[in-house]
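J.: Got a structure for you, questions after.
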């Protein structure tokens, strides 16, 4: 988008928004006030405010000084259809995937859904007619809103569903491109056009609609090699060897069709074809534009850009400075600079001569040792990649001035920072350095050998010890770091030190394995170091379960054993504040069954989610007191060994429990469990 001061605004998928004033680049991200760095759309209102639609559903407004972010109620459940329009009253309208339409009048947000009169909450297109009516194309028909009244049109009105495109001709007719054909509405009658009325044989799914100055309706299809020009019930079919990607009309009225098999020009009488045989860089055309001198510019998929002056062809690729040879869009500004949107970024071409510079750097691992074999990617005005040497060094030479971004990559590693970039390289750089941290390792384990597997993420060393004959067959063990699920109960605090252990065949060990997690003081700020332990996350119930653990404060490490591979983290157990989330497991308790007998705390039944010093009484079905227990370790857990007060194992049967918080007698919990021997 271009604002009133001729600044060019470019949205990106992960790097926020860039503004270019003709000389300098300015990058705006979340650190400046942008709601999110994934920006899907840009609109500029009558007061030159910039509006940015982001991937999370939030909207940011920027008035060149202040940022304002707008979110909707429950916006976390939104998904934009990338549909955004501003009406004549400067209201902003946003179409979403499942939440209808949002209007913002610069003060308040208004949400229109099926409850207000919208025909469907999945809005795919928005357009405003000359009377100010708002038209919304949805997955289930069309809605017209005049500011007061909603009028809906569905399949019962002789139209198909899934409206992807809306256009108006100069006679006031409304044209709708749908999944099942084209519908025309003259405010009284509907006329529906499908393959039976002349549309291309077998193709009803409309991709785009356009109305030219002569009121010809140009219709393109999804995945089609056919285009139609339509006027006064007369169809003209244009068939091409392959699908049409783009149509542009020049000042002389010539129609240029970019296809997957070259360029087709139609002057109203004669068709002319241009392919690689004539000088085109690549036959797969994705973008077309014309400059002030009448030159035609064609963006290709894989071949760069071709310029055609009517006689001669010139090709520009990454070797000339194009950021990527996969060109998706072309725009030409008022100074006749050419802007190319590509799969690797944006390139500007102005014919300037560039100076040559270099970018150099070094990559080390988290232990400070040089990392070789790391692929380092350069994108921007020049695209390249190199691999680090034995000393961890890399370099990019003979670079022009312009935009560059360097990002390293290696399997099973993450890097900090993720990338380093500049919007105007104007000097040599030697300090673009990175630190690599391992996030995953895979090791082969044979039954005959004991194995110790070590992974060293940022927090410190994590060690997994496996004794011989732990697995029956040769097994691949993968240990990887992950982002911890948030604890769903307040008795558990989870640190950011988390690993996941998997096997290639889903096997579980027949013997206990030993897990040791090292930590730094900064990793446990706000935690009680004396109460740290290793927790195992149970996906089936969505909860963390504490393992019996040993802590070594001198060497800052915690050790635990387990026979169940899963997700593990360094956690702290704390007593619950009430008895609302008390859990008793396993239930039923089957001491002879490994799945229902052995718990994380040992053999027996665990009472968890207890308050400090909670009192537990256990009764048989006849109401006789069997045993009394107390939470004494301050972690909210208590293990019953299923013995009575005399120290004898209780028999199979149903038992009742009654729990009370001695600090607040109003807090109680009761229930039952079964023992099957």
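In our numbering, the protein residues as written are 62 to 738. The C-beta atom is built at its ideal place from N, Cα and C for all residues, glycine as well.
Could you tell me the alpha carbon to alpha carbon distance between residue 719 and residue 647, rounded to whole angstroms?
T.: 17 angstroms
J.: Compare the C-alpha of residue 409 against each of 479, 422, 487 and 382 and name the closest.
T.: 382
J.: Check the DSSP bridge columns for residue 350 and list the partner residues they point to.
T.: 358
J.: Use the C-beta contact count for residue 508: other C-beta atoms within 10 angstroms, 16 or more gives buried, fewer gives exposed.
T.: exposed
J.: Would you be able to state if there are at least three C-beta pairs under 8 angstroms between the region 605-622 and the region 709-716?
T.: Using a Cβ-Cβ distance cut-off of 8 angstroms, the region 709-716 and the region 605-622 are not in contact, since fewer than three pairs of beta carbons, one from each stretch, lie closer than that value.
J.: Decide if the region 690-701 is in contact with the region 618-630; the criterion is three or more beta carbon pairs, one per stretch, under 8 angstroms apart.
T.: no
J.: To which residues of the same chain is residue 453 closer than 7 angstroms at the C-beta, ignoring the five residues directly before and after it?
T.: Cβ neighbours of residue 453 beyond the five flanking positions: 423, 424, 425, 431, 432 and 433.
J.: Take the Cβ of residue 505 as the centre, count every other Cβ of all protein chains shown within 10 Å, and call the residue buried at 16 or more, exposed below.
T.: exposed
J.: Just curious, the beta strand (DSSP E) that residue 14 is in, first and last residue?
T.: Lying outside 62 to 738, the shown extent of the chain, residue 14 is not represented and no answer is given.
J.: Considering only C-alpha positions, which residue in the set 441, 198 and 205 is nearest to residue 243?
T.: Residue 198 is the option with its Cα nearest to residue 243.
J.: Anyone know if the C-beta pair for residue 640 and residue 672 falls short of 8 angstroms?
T.: yes
J.: Start and end of the beta strand (DSSP E) containing residue 504?
T.: 501-506
J.: Please classify residue 315: does DSSP put it in a helix, a strand, or coil?
T.: coil
J.: For the beta strand (DSSP E) containing residue 690, name the first residue and the last one.
T.: 686-691
J.: In the DSSP assignment, find the beta strand (DSSP E) that holds residue 595 and state where it starts and stops.
T.: 593-599
J.: For the beta strand (DSSP E) that residue 615 lies in, which residues bound it at each end?
T.: Taken as a continuous stretch (DSSP letters only), residue 615 belongs to no beta strand (DSSP E), as it is neither H nor E.
J.: My guess is that residue 457 and residue 476 are in contact by the Cβ rule of under 8 angstroms, so how many angstroms apart are they, rounded?
T.: 17 angstroms between Cβ atoms; not a contact.
J.: Helix, strand or coil: how does DSSP classify residue 339 here?
T.: coil
J.: Would you list the one or two residues that DSSP bridges to residue 637?
T.: 672
J.: Can you check which of these residues, 179, 557 and 532, is closest to residue 567 by C-alpha distance?
T.: With respect to the C-alpha of residue 567, the residue from 179, 557 and 532 having the closest C-alpha is 532.
J.: Of all the options 201, 213 and 277, which has the alpha carbon lying nearest to the alpha carbon of residue 232?
T.: 277
J.: Using only alpha-carbon positions, find the residue among 160, 349, 90 and 166 that is nearest to residue 177.
T.: 160
J.: How big is the Cα-Cα spacing for residue 267 and residue 308?
T.: 15 angstroms
J.: Rounding to the nearest angstrom, what Cα-Cα distance links residue 683 and residue 727 in this structure?
T.: 25 angstroms
J.: Express the C-alpha separation of residue 468 and residue 455 in angstroms, rounding to a whole number.
T.: 12 angstroms
J.: Can you tell which of 704, 676 and 321 has its C-alpha closest to the C-alpha of residue 693?
T.: 676
J.: DSSP has residue 469 in a bridge; who is on the other side?
T.: 437
J.: In the DSSP assignment, the beta strand (DSSP E) including residue 722 goes from what residue to what residue?
T.: 714-722
J.: Can you list, in chain order, the residues of its chain whose CB lies under 6 angstroms from that of residue 317, leaving out five sequence neighbours each side?
T.: 309, 326 and 349
J.: Please classify residue 353: is it buried, with 16 or more other beta-carbons within 10 angstroms of its beta-carbon, or exposed?
T.: Label assigned to residue 353: exposed.
J.: Got a sec, what are the start and stop residues for the beta strand (DSSP E) residue 95 sits in?
T.: Run containing residue 95: none; DSSP gives neither H nor E here.
J.: To the nearest angstrom, report how far apart residue 77 and residue 123 are at their CA atoms.
T.: Whole-angstrom Cα-Cα distance: 13 angstroms.
J.: Could you check where the beta strand (DSSP E) with residue 532 kicks off and where it finishes?
T.: Residue 532 -> no beta strand (DSSP E), and no H or E assigned at all.
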